[in-house]
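Inspection log for the structure reproduced underneath, given as C-alpha cells.
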Amino acid sequence: MFTTETVGLLFILILGMWARSHLVAASATILLGIRFMRMSFLYPVLERRAVEMGLLFLTVGMLVPFAVGKVNMKEVFHGFLTVPGILAVIGGAVATNLNGRGLQLLADNSHLMFGLIVGSILGIVFWGGIPVGPLMAAGTTYLMLQVIEWMTRLMR
5 MFTTETVGLL FILILGMWAR SHLVAASATI LLGIRFMRMS FLYPVLERRA VEMGLLFLTV
65 GMLVPFAVGK VNMKEVFHGF LTVPGILAVI GGAVATNLNG RGLQLLADNS HLMFGLIVGS
125 ILGIVFWGGI PVGPLMAAGT TYLMLQVIEW MTRLMR
C-alpha cells in the first residue's frame, strides 16, 4: 500500500499543509483517496482532462466580474488605450505562449512536475506567492532554460 507514489503524494500533502497551500494539499488528498479506494481507472481521465477543467474554472472565475456587472464595456475599451491596458494584452499573449511551451516541456519531462510543486510551495512560504498552477511555473522554467541555452551559445 505504501508505494513510492503513495509516499510522494503524502510528502506533497504534508508540504502543502505546511505551506498553507490548500490547493496542493487538496489535490494530493484527492489523488491519495483515489489510490486508497482502488479507483486508479480515474488517473488517465484526470491526466487527460484535469488541466483543461482547471483552466475552465479559472477562466470562469476571471469572467465573473463581467457577468455581474462590476466591469462594463466602456471601461474595457478605455483600458485598451492606456499603457497598463496595452501591457496587459501583451502580457496575456506572452503568458499564454509560455504556458503552451511549459505544457510541452512537462509532456516531454514529466519528472519536472515534483520540482515545480516544491518550487511553488517555496514561493508561497518565502515570497507570499500564489500557486496559480504548474503551467506558469513550467512556462517560466522553459523560459529560463531557453535563456541558459542562448547564453551558452553566445559564450562559445
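For any residue, its number in the working numbering is found by taking its place in the sequence shown, counting from 1, and adding 4. Backbone N, C-alpha and C define an ideal beta-carbon position, used for all residues, glycine too. Predicted model, so just to flag it, every value in this text is computed and none were measured.
- For residue 105, same chain residues with a beta-carbon under 7 Å away, outside a window of 5 residues either side, are 143, 146 in chain order.
- The alpha-carbon separation between residue 47 and residue 117 amounts to approximately 16 Å.
- Taking the Cα positions, residue 76 is about 25 Å away from residue 99.
- Take the alpha-carbon of residue 128 and the one of residue 61: they are about 22 Å apart.
- With distances taken between CA atoms, residue 107 lies nearest to 138 out of 138, 6, 90, 97.
- Remark: C-beta atoms of residue 28 and residue 121 approach each other more closely than 8 Å.
- Taking 8 Å as the cut-off, the beta carbon of residue 23 is found closer than this to the beta carbon of residue 125.
- Closest in C-alpha terms to residue 113, from the list 41, 38, 149, 85, comes 149.
- Burial is judged here by how many other beta carbons sit within 10 angstroms of a residue's own beta carbon; residue 20 has at least 16 and is buried.
- Apart from sequence neighbours up to five positions away, the residues of its chain that approach residue 135 with a beta-carbon distance below 8 Å are 25, 27, 28, 124, 125, 127, 128, ordered along the chain.
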